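Asker: Here you go, one structure.
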Amino acid sequence: PRTQTYGARALNFTNPTARLILETIERKKSNLAVSVDVTKSNDLLAIIKAVGPYVCMIKTHIDIIDDFDFSLIKQLQNLGHEYDFVYFEDRKFADIGNTVALQYAGGVHKIASWAHLTNAHPVPGPSIIKGLSSVGLALGRGLLLLAEMSTKGSLAVGSYTEEAVRMARQHKDFVIGFIAQRRMDGIGSQLHEDVSQDDFLILTPGIGLEAKGDAMGQQYRTPHEAVFESGSDIIIVGRGIYGTDPKAVDAIAAKAERYMAEGWAAYQARLTHQK
Ligand code: UP6
4 PRTQTYGARA
14 LNFTNPTARL
24 ILETIERKKS
34 NLAVSVDVTK
44 SNDLLAIIKA
54 VGPYVCMIKT
64 HIDIIDDFDF
74 SLIKQLQNLG
84 HEYDFVYFED
94 RKFADIGNTV
104 ALQYAGGVHK
114 IASWAHLTNA
124 HPVPGPSIIK
134 GLSSVGLALG
144 RGLLLLAEMS
154 TKGSLAVGSY
164 TEEAVRMARQ
174 HKDFVIGFIA
184 QRRMDGIGSQ
194 LHEDVSQDDF
204 LILTPGIGLE
214 AKGDAMGQQY
224 RTPHEAVFES
234 GSDIIIVGRG
244 IYGTDPKAVD
254 AIAAKAERYM
264 AEGWAAYQAR
274 LTHQK
């Protein structure tokens with residue numbers, strides 16, 4: 004997968020969301036996901052409009068919206084169709100199967116009804132996948148496991164990361180990839196299982212061209228480091244794009260275009276250069 008095109012890799016998956024993501028990346032020539040972590044609906048919508056042309060994916064934290072009303076979802080979906088991207092709700096589920104199924108299907112946000120993709124911490128074990136897939140699989144949704152985190156002192160390392168890969172391999176119909184800082188292929192081969200047919204999407208947060216981190220433990224690497232050196236498939240960029248002023252939409256669009264270009268150049272370099 005490291006040296007296969009996104010378009011060709013669509014055939015490695017049966018999950019419709021995985022295929023949709025890979026086809027969208029190929030169509031738009033963008034492996035950029037923008038994480039829009041703002042608290043007002045209007046800012047969220049305005050930023051999505053500004054970055055829409057440059058992204059394959061918008062990542063949300065829908066539970067931080069102060070003025071949330073379910074009518075926002077229809078507006079998000081309209082933008083998704085207009086600009087041709089998918090939604091990833093970064094919910095980071097972490098509870099027992101029964102509870103996560105309720106959280107995923109219901110509550111105020113009804114995540115499964117609109118988010119193509121969501122994610123879960125592997126900490127409860129395989130039952131969390133069972134719970135979420137009981138809701139999402141029939142809807143054609145996809146799940147990522149958090150195999151690693153971008154933060155200083157993360158506990159998601161070593162055997163924890165390995166077990167996340169093992170869990171994913173047993174549920175390939177629904178688990179389509181990982182939140183991680185690098186490809187997990189090497190780990191797969193340490194499991195003493197046949198991993199030759201594996202393909203998982205690697206989505207990498209903690210990406211920034213200017214800052215090296217923030218005051219709360221976040222750590223940044225560049226698109227080139229993530230995609231070319233570490234084999235990541237999708238770069239997730241938040242504050243590096245919408246920065247300090249969520250109203251400056253022209254500057255936000257220009258930054259998105261720059262990250263898109265960097266991410267794509269790193270991918271093209273990866274296809275042609277052996278590391
Ligand atoms: N995120 C990380 N690191 C992880 C997992 N998720 O930063 O390991 C998420 C955060 C935030 C985004 O919840 O929404 O990615 C990163 O935002 P930033 O680019 O503004 O730092």
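Residue numbering for the sequence shown follows the UniProt record's numbering, starting at 4 and increasing by one per position. By construction, the Cβ of each residue, glycine as well, lies at the ideal position given by its N, Cα and C atoms. Since we're looking at a predicted model, the values are computed, not measured.
(1) Determine contact between the region 55-73 and the region 97-104, defined as no fewer than three beta-carbon pairs at a distance below 8 Å.
(2) Check this for me: beta carbons of Asp87 and Arg30, under 8 Å apart or not?
(3) Nearest to His112 by CA position, among Trp267, His124, Ile68, Ala167, is which residue?
(4) Would DSSP call Tyr86 helix, strand or coil?
(5) Ignoring anything shorter than 4 residues or poking outside the region 44-92, list the alpha helix (DSSP H) runs there in chain order.
(6) From Val58 to Thr154, what distance separates their C-alpha atoms?
(7) By alpha-carbon positions, which one of Ile65, Gly110, Asp202 ends up nearest to Phe181?
(8) By alpha-carbon positions, which one of Ile205, Gly220, Gln271, Gly10 ends up nearest to Leu25?
(9) Taking the alpha carbon of Arg242 as the reference point, which residue from Glu165, Val37, Asn15 has its own alpha carbon closest?
(10) Relative to the ligand UP6, is the shortest distance from any of its heavy atoms to the C-beta of Ser235 smaller than 7 Å?
(11) In whole angstroms, what separates the C-alpha of Ala264 from that of Val240?
(12) Cβ of Ile132 within 8 Å of Cβ of Leu82?
(13) Which same chain residues end up closer than 6 Å to Phe16 when comparing Cβ atoms and leaving out the 5 residues on each side of it in sequence?
(14) Which residue or residues does DSSP assign as beta-bridge partners of Phe96?
(15) DSSP state of Ser33, grouped into three classes?
(16) Taking 7 Å as the line, does the beta carbon of Ile64 fall inside it for any heavy atom of the ligand UP6?
Answerer: In this structure, then:
(1) These segments do not touch.
(2) In this structure, Arg30 lies closer than 8 Å to Asp87 by Cβ.
(3) It is Ile68.
(4) It is helical.
(5) If one requires a minimum length of 4 residues, the alpha helix (DSSP H) runs lying completely within the region 44-92 are 44-54, 74-86, in chain order.
(6) Those two C-alpha atoms are separated by around 24 Å.
(7) The shortest Cα separation from Phe181 among Ile65, Gly110, Asp202 belongs to Asp202.
(8) When C-alpha distances from Leu25 are compared across Ile205, Gly220, Gln271, Gly10, the shortest belongs to Gly10.
(9) Nearest Cα to Arg242 within the set Glu165, Val37, Asn15: Val37.
(10) Exclusion of Ser235 from the 7 Å shell around the ligand UP6 follows from its C-beta lying no nearer than that to any non-hydrogen atom of the ligand.
(11) Counting only the Cα atoms, Val240 lies some 13 Å from Ala264.
(12) With respect to Leu82, Ile132 sits apart: the two C-beta atoms are not nearer than 8 Å.
(13) These residues qualify, in order along the chain: Arg22.
(14) Within the DSSP secondary-structure output, Phe96 pairs in a beta bridge with Ala123.
(15) If DSSP states are grouped into helix, strand and coil, Ser33 belongs with coil.
(16) One point to set straight first is that residue 64 is His, not Ile, in the sequence displayed. His64 Cβ: within cutoff of the ligand UP6.
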